[in-house]
Amino acid sequence: DGGITQSPKYLFRKEGQNVTLSCEQNLNHDAMYWYRQDPGQGLRLIYYSQIVNDFQKGDIAEGYSVSREKKESFPLTVTSAQKNPTAFYLCASSVGHPETQYFGPGTRLLVL
Amino acid sequence: GIQVEQSPPDLILQEGANSTLRCNFSDSVNNLQWFHQNPWGQLINLFYIPSGTKQNGRLSATTVATERYSLLYISSSQTTDSGVYFCAVYRRGSQGNLIFGKGTKLSVKP
Chain V
895 DGGITQSPKY
905 LFRKEGQNVT
915 LSCEQNLNHD
925 AMYWYRQDPG
935 QGLRLIYYSQ
945 IVNDFQKGDI
955 AEGYSVSREK
965 KESFPLTVTS
975 AQKNPTAFYL
985 CASSVGHPET
995 QYFGPGTRLL
1005 VL
Chain H
7 GIQVEQSPPD
17 LILQEGANST
27 LRCNFSDSVN
37 NLQWFHQNPW
47 GQLINLFYIP
57 SGTKQNGRLS
67 ATTVATERYS
77 LLYISSSQTT
87 DSGVYFCAVY
97 RRGSQGNLIF
107 GKGTKLSVKP
């Protein structure tokens, strides 16, 4: 089955800890994206990557980091510098730009 | 930056009713997408619609780019239509920046 997978479904972070959210796609899409959703709000772009080994900051990149070493994978690290990390994180991919973006099921991050 | 406003913010319907959701945007855009977010958080593509009208079953969408709005029509609503509907636009000249509205929360009662 082609699609986008995100893991874990739920993630708990302790104060001062870095955590990494996984996003994998087998759609052979070039572009991948990370969004953050807060309750009652729309999605906001954190980072995006249009090709392997290249990525750009979105509107709210502070406190986050990414890598794109493989076409299929675009992990997001929430660093200790992100002071309000509790949110729903969604990964997306698209075959080009601007093309339809397809979303994974999301990861809910909670702070202990 | 570009503003995307959706209305109404909340909508409650009886099963079988029709509805129209609106999306206004403040600047020229490259494209526009409508999404449905189900109660589990999954975002599902509904339409990719830069202009004109598209239909898919009970759903249809119309975008008038020159007047900076898009409409999503839901006919004969079902309880499974419940969730949040988002409009998102690509800012003209952007490199992947999809700007989302705050959504319309739809509840369809049996």
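As they're listed, the protein sequences go chains V and H.
FYI, this note's numbering numbers position 92 of the first sequence as 986, with every residue one higher than the one before it.
FYI, this note's numbering numbers position 62 of the second sequence as 68, with every residue one higher than the one before it.
Backbone N, C-alpha and C fix where the C-beta goes; we use that ideal spot for every residue, glycine too.
Computed from a prediction, not measured in an experiment: that's the story for all the values here.
With a threshold of 16 other CB atoms inside 10 Å of the CB of residue i, please say whether the residue is buried or exposed.
i         : result
Thr86(H)  : exposed
Trp46(H)  : exposed
Pro979(V) : buried
Gln84(H)  : exposed
Gln9(H)   : exposed
Following the continuous beta strand (DSSP E) through residue i, name the residue where it begins and the one where it ends.
i         : result
Leu112(H) : 110-115
Gly58(H)  : 58-62
Thr69(H)  : 65-70
Lys951(V) : 948-951
Gln39(H)  : 35-43
Ser76(H)  : 75-80
Glu11(H)  : 10-13
Using beta carbons (cut-off 7 Å, strictly below), is residue i in contact with chain V?
i         : result
Gln48(H)  : yes
Lys108(H) : yes
Phe92(H)  : yes
Asn51(H)  : yes
Tyr54(H)  : yes
Below 6 Å CB to CB, which residues in the same chain sit around residue i once its five sequence neighbours on both sides are set aside?
i        : result
Ala94(H) : Gln39, Leu104, Phe106
Arg64(H) : Ser81, Ser82
Ala67(H) : Trp40, Phe53, Ile55, Lys60, Leu78
Leaving out five residues before and five after residue i in sequence, what residues of the same chain have Cβ atoms less than 7 Å from its Cβ?
i        : result
Gln20(H) : Lys115
For residue i, decide whether its Cβ has a neighbour in chain H, counting only Cβ atoms nearer than 7 Å.
i          : result
Leu937(V)  : yes
Thr1001(V) : no
Phe949(V)  : no
Phe906(V)  : no
Phe982(V)  : yes
Phe997(V)  : yes
Using C-beta distances below 8 Å, list every residue in its chain close to residue i, excluding the 5 sequence neighbours before and after it, in chain order.
i         : result
Leu117(H) : In this structure chain H extends from 7 to 116, so residue 117(H) is not present and cannot be described.
Gln976(V) : Glu956, Gly957, Tyr958
Arg907(V) : Val913, Val972, Pro979, Leu1003, Leu1004, Val1005, Leu1006
Are there any heavy atoms of the ligand MN lying less than 6 Å away from the beta-carbon of residue i, as far as the coordinates show?
i         : result
Phe982(V) : In terms of ligand content, the structure shown is empty, and the ligand MN therefore cannot be addressed.
> Would you call the segment 974-989 of chain V and the segment 916-923 of chain V touching, i.e. three or more CB-CB distances under 8 Å?
Replying inline: Result yes; three or more Cβ-Cβ pairs closer than 8 Å.
> Per the contact definition of three or more C-beta pairs closer than 8 Å, is the segment 911-918 of chain V in contact with the segment 9-27 of chain H?
Replying inline: no
> Counting Cβ pairs, one atom from each stretch, are 3 or more of them under 8 Å apart for the segment 961-973 of chain V and the segment 19-38 of chain H?
Replying inline: Short answer: they don't touch.
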